[in-house]
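Position 16 of the sequence shown, counted from 1, bears residue number 835 in our numbering, the numbering being contiguous throughout.
Let me begin by presenting the structure, written as structure tokens, before commenting on it.
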Amino acid sequence: MEIIITPDYEAMSKMSAVVIAREVKRKHDLVLGLATGDTPIGTYRELAKLHKEEGLDFSKVTIFNLDEYLGLAPLNKNSYNYFMWENLFKHVNVSQHKIFVPQGNTDDPEEFSEWYEKQILNVGGIDLQVLGIGGDGHIGFNEPGSSFASRTRVKGLYEQTIKDNARFFDKEEDVPRFAITMGVGTIMDAKKILLIASGEGKADVCKEFIEGPVTSQITATALQLHSYAIVVLDEKAASKLERKEYYNWVRDNKHVVEKRIGR
Ligand code: PGA
């Protein structure tokens, strides 16, 4: 994993948008996996800015979102579909028929999940998957104990996730107890992964998933087994990392090697 520590939320947002934009420019028909939550809002704002000011072109990009609450219709204000439209889709030139978000109000979640996996395969797999991380170490809604081989399916939400996400709802009881989420296996099949994290509240879980042992109890640790994962953190989220100086040294010196091997 490449660990990039940035000073604050703004810098983390800019850096992660640069990583995404680089991939979009490299491959115009990029298949981009996206995440919801507070963390990527700044990244999406930066992408919208790059689109508006520098013409970053999303017209051929296909998007697959990680997850959606089960039972919420796409236009429900608490749905992740709604979140994505508000925070990104309506601000860039992504084509509507290239947007895939799990359908929360499907009659048959199992059939839907199989269909979703097939759509990802049909376009050749995800090129870059963007992730946040939950306080319990989840990626997508892959709660503690999710198999590293899991595919898109319904998952029951862990108590901590329900508490963490209650802030988006009127009251905790309103938080749906289930979600449709890409599996850890689905995420791990992405060619590249970018995980972003910000704030003191993520410091413990970032230390655990970057420097701790690989375990399905913290599903983000699966990224240690991925061949191309970038983690962009702000100082607060990185504050408990033991090897911080080493990561910073690599960040500041890797251009020397990249130059030599002609990247
Ligand atoms: P957050 O959520 O960005 O709102 O902290 C992250 C997540 O649960 O994956």
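All C-beta atoms, glycine included, are put in the ideal place defined by N, C-alpha and C.
_Cβ shell of G890 (< 8 angstroms), same chain only, five flanking positions each side left out_ = Within the sequence shown, residue 890 is the residue found at index 71, counting from 1. Excluding positions up to five away in sequence, the list reads G923, N924, P995, F997.
_Tell me which residue opens and which closes the alpha helix (DSSP H) that I860 is part of._
As a working note, residue 860 is residue 41 in the sequence shown. Unbroken alpha helix (DSSP H) run through I860: 860-873.
*How about N884: is its Cβ closer than 8 angstroms to a heavy atom in ligand 1?*
Start at 1 with the first residue of the sequence shown, and residue 884 comes out as number 65. No; taking the cut-off as 8 angstroms, the Cβ of N884 has no heavy atom of ligand 1 nearer than that.
*What's the call for Y1065, buried or exposed, on a 16-neighbour Cβ count within 10 Å?*
Walking along the sequence shown from the start, residue 1065 turns up at place 246. With fewer than 16 Cβ atoms within 10 Å of its Cβ, Y1065 is classed as exposed.
_Spatial distance of A1016 from K1055 (CA atoms)_ = One-based indexing of the sequence shown puts residue 1016 at position 197. One-based indexing of the sequence shown puts residue 1055 at position 236. Roughly 9 angstroms separates the two Cα atoms.
_Closest Cα partner of Q938 within the set L875, K917, V1076_ = As a working note, residue 938 is residue 119 in the sequence shown. Closest option to Q938, Cα to Cα, is K917.
*The alpha helix (DSSP H) with G1004 in it runs from where to where?*
As a first step, residue 1004 is located in the sequence shown; it is residue number 185 there, counting from the start. Note, G1004: alpha helix (DSSP H), 1003-1007.
_Do Y899 and P921 count as a contact pair if the criterion is CB distance below 9 angstroms?_
For the purposes of this step, residue 921 is taken as the residue at position 102 of the sequence shown. For the purposes of this step, residue 899 is taken as the residue at position 80 of the sequence shown. The answer is yes: Cβ separation under 9 angstroms.
_With distance defined between alpha-carbon atoms, name the residue in F883, S832, D1053, A854 nearest to G943._
Taking the first residue of the sequence shown as position 1, residue 943 is located at position 124. Minimum Cα distance to G943 is reached at F883.
_Please report the distance separating the alpha-carbon of G874 from that of S965._
The count along the sequence shown starts at 1 and reaches residue 874 at position 55. The count along the sequence shown starts at 1 and reaches residue 965 at position 146. Using only the alpha carbons, I get a separation of about 40 angstroms.
_Below 8 angstroms, how does it come out for the segment 854-867 and the segment 1012-1026: are there three or more Cβ pairs, yes or no?_
yes
*Grouping DSSP H, G and I as helix and E and B as strand, with all else coil, what is E821?*
Along the sequence shown, read from residue 1 onward, the residue named residue 821 stands at position 2. Note: E821 maps to strand in three-state DSSP.
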